[in-house]
């Protein structure tokens, strides 16, 4: 192979000539550049832990317009063909899906689970085509609607959320309320947590808020899949990687719902701050058992 390709997302190209003035704890004054390199491809990304990087990545509708350059191959191994194919199909699903966010994540779970069972990249691409047809035909929407509610998994995720310390760049009132919410998640009895969970599921204003900020959430998923080469190099861990993504989305949505219920305004800058803070510490470590089922259950 005589050539390779360098892929640069729009959010990096737009800022290439700009002086970097951010000094947040996520970047400490340095552009948070992240490079992924294989023999025949290089990807550039930014780390979402930086407040300024997160704002550019998440809020710009053209953040993921890809700029492609031809370059020299590197003396490295190529990307695993199955991982590369699955990462492409996951990204394609995110780009093409007009369904609600959690329904789209359900489709990704099905793709990952079935992709784990086939031996070739070609078979994974065929699965992606099949999945696209099922989404367009409404079959996956109907299947998602029949998913059971498994409260025990959601309660465990709420407890794990309560154990986190989020250093988000927020105004004093919102920051104080965030700390109170996390404290309550650590200390409330299970019956109270079930009540909070039921209220979140029935929170119509939150559903409207989620739809209003759809572009930002979808940019978050695109960044996650691109930056982490999701679902990762080990096929045995693909379902756990899916659970980790679902747990992040569940936790962040729960926090937003709780803040809105407490009377706090959660606009785009505050949501960006929450997402950046979420990635400033290690993501929750998911359990190995029933990872796919747990992840799917957190989407309801």
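Numbering (the numbering used here), first residue to last: 2 to 301.
Note that beta-carbon positions come from the ideal geometry of N, C-alpha and C, so glycine has one too.
### Query
Does the segment 32-41 come close enough to the segment 75-86 to have 3 or more Cβ pairs within less than 8 Å?
In the pairwise beta carbon analysis, the segment 32-41 is classified as touching the segment 75-86: at least three pairs are separated by under 8 Å.
#### Entry: Chain-order list of residues whose beta-carbon lies under 8 Å from that of residue 227 (same chain, five-residue window excluded)
Stepping through the chain shown from its first residue, residue 227 is reached at position 226. Once the five neighbours on either side are set aside, the close Cβ partners of residue 227 are 10, 44, 46, 65 and 92.
### Message
I need the DSSP call for residue 49, collapsed to helix, strand or coil.
### Response
Working through the chain shown from its first residue, we reach residue 49 at position 48. Here DSSP, grouped into helix, strand and coil, assigns residue 49 to coil.
### Task
Look at the alpha carbon of residue 31 and the alpha carbon of residue 24, and state the distance between them as a whole number of angstroms.
For the purposes of this step, residue 31 is taken as the residue at position 30 of the chain shown. For the purposes of this step, residue 24 is taken as the residue at position 23 of the chain shown. Going by C-alpha positions, residue 31 is about 8 Å away from residue 24.
### Query
Anyone know if the C-beta pair for residue 87 and residue 232 falls short of 8 Å?
By one-based count along the chain shown, residue 87 stands at place 86. By one-based count along the chain shown, residue 232 stands at place 231. Cβ distance < 8 Å, so residue 87 and residue 232 count as in contact.
### Task
Express the C-alpha separation of residue 265 and residue 274 in angstroms, rounding to a whole number.
Here residue 274 corresponds to residue number 273 of the chain shown, with the count starting at 1. Here residue 265 corresponds to residue number 264 of the chain shown, with the count starting at 1. So the alpha carbons of these two residues sit roughly 14 Å apart.
### Query
Can you tell me where the beta strand (DSSP E) with residue 10 in it begins and where it stops?
Counting from one through the chain shown, the residue named residue 10 turns up at place 9. Residues 5-10.
### Query
Contact check, residue 156 vs residue 195 under 8 Å by CB: the rounded distance?
Position 155 of the chain shown holds residue 156. Position 194 of the chain shown holds residue 195. At roughly 7 Å, the Cβ-Cβ gap stays under 8 Å, so residue 156 and residue 195 are in contact.
### Task
Would you kindly work out how many angstroms separate the C-alpha atoms of residue 281 and residue 55, rounded to a whole number?
The residue given as residue 281 occupies position 280 in the chain shown. The residue given as residue 55 occupies position 54 in the chain shown. Each residue's alpha carbon lies about 11 Å from the other.
### DSSP beta-bridge partners of residue 281
Position 280 of the chain shown, counting from 1, holds the residue named residue 281. In the DSSP output, where bridge partners are listed per residue, residue 281 has none listed.
### Task
Would you mind stating whether residue 114 and residue 105 have Cβ atoms separated by less than 8 Å?
In the chain shown, residue 114 corresponds to position 113, counting from 1. In the chain shown, residue 105 corresponds to position 104, counting from 1. For residue 114 and residue 105, no; Cβs fall outside 8 Å.
### Message
Suppose only complete runs of 4+ residues qualify. What are the alpha helix (DSSP H) ranges in the segment 205-262, listed by chain order?
### Response
205-213, 215-228 and 239-262
### Query
Which class does residue 126 belong to by DSSP, given the choice of helix, strand or coil?
Reading the chain shown from its first residue, position 125 is the one you call residue 126. Note: residue 126 maps to helix in three-state DSSP.
### Query
Under the three-state reduction of DSSP, which class applies to residue 161: helix, strand or coil?
Within the chain shown, residue 161 is the residue found at index 160, counting from 1. Helix.
### Task
Would you tell me roughly how many angstroms separate the C-alpha atoms of residue 148 and residue 137, rounded to the nearest one?
Residue numbering aside, residue 148 sits at position 147 when the chain shown is read from its first letter. Residue numbering aside, residue 137 sits at position 136 when the chain shown is read from its first letter. Roughly 19 Å between the two C-alpha positions.
### Task
Verify whether the separation of the beta carbon atoms of residue 292 and residue 240 is less than 8 Å.
Residue 292 sits at position 291 when you count from the first residue of the chain shown. Residue 240 sits at position 239 when you count from the first residue of the chain shown. Yes, they are a contact pair.
### Task
Would you identify the three-state DSSP class for residue 70, choosing helix, strand or coil?
Working through the chain shown from its first residue, we reach residue 70 at position 69. Note: residue 70 maps to strand in three-state DSSP.
### Query
Ordered along the chain, which non-local residues of its own chain (more than five positions away) have a Cβ less than 7 Å from that of residue 271?
Mapped onto the chain shown, residue 271 falls at position 270. Excluding sequence neighbours, residue 271 sits near 171 and 175.
### Start-to-end residues for the alpha helix (DSSP H) that takes in residue 182
Indexing the chain shown from 1 puts residue 182 at position 181. Counting along the chain, the alpha helix (DSSP H) containing residue 182 begins and ends at 173-188.
### Message
Measuring only the C-alpha atoms, how far is residue 283 from residue 50?
### Response
Here residue 283 refers to the residue found at position 282 when the chain shown is read from its first residue. Here residue 50 refers to the residue found at position 49 when the chain shown is read from its first residue. C-alpha separation (whole angstroms): 11 Å.
### Message
What does the Cβ neighbour count give for residue 295, buried or exposed, with the cut at 16 atoms within 10 Å?
### Response
Taking the first residue of the chain shown as position 1, residue 295 is located at position 294. The residue is buried, with at least 16 neighbouring Cβ atoms inside 10 Å.
### Query
For residue 133, does the three-state DSSP call read helix, strand or coil?
Within the chain shown, numbered from 1, the residue matching residue 133 stands at position 132. The answer is helix: DSSP assigns residue 133 an H, G or I state.
### Task
Run the CB neighbour count on residue 139, radius 10 Å, all protein chains shown included, and call it buried at 16 or more, exposed below.
Residue numbering aside, residue 139 sits at position 138 when the chain shown is read from its first letter. So residue 139 ends up on the exposed side.
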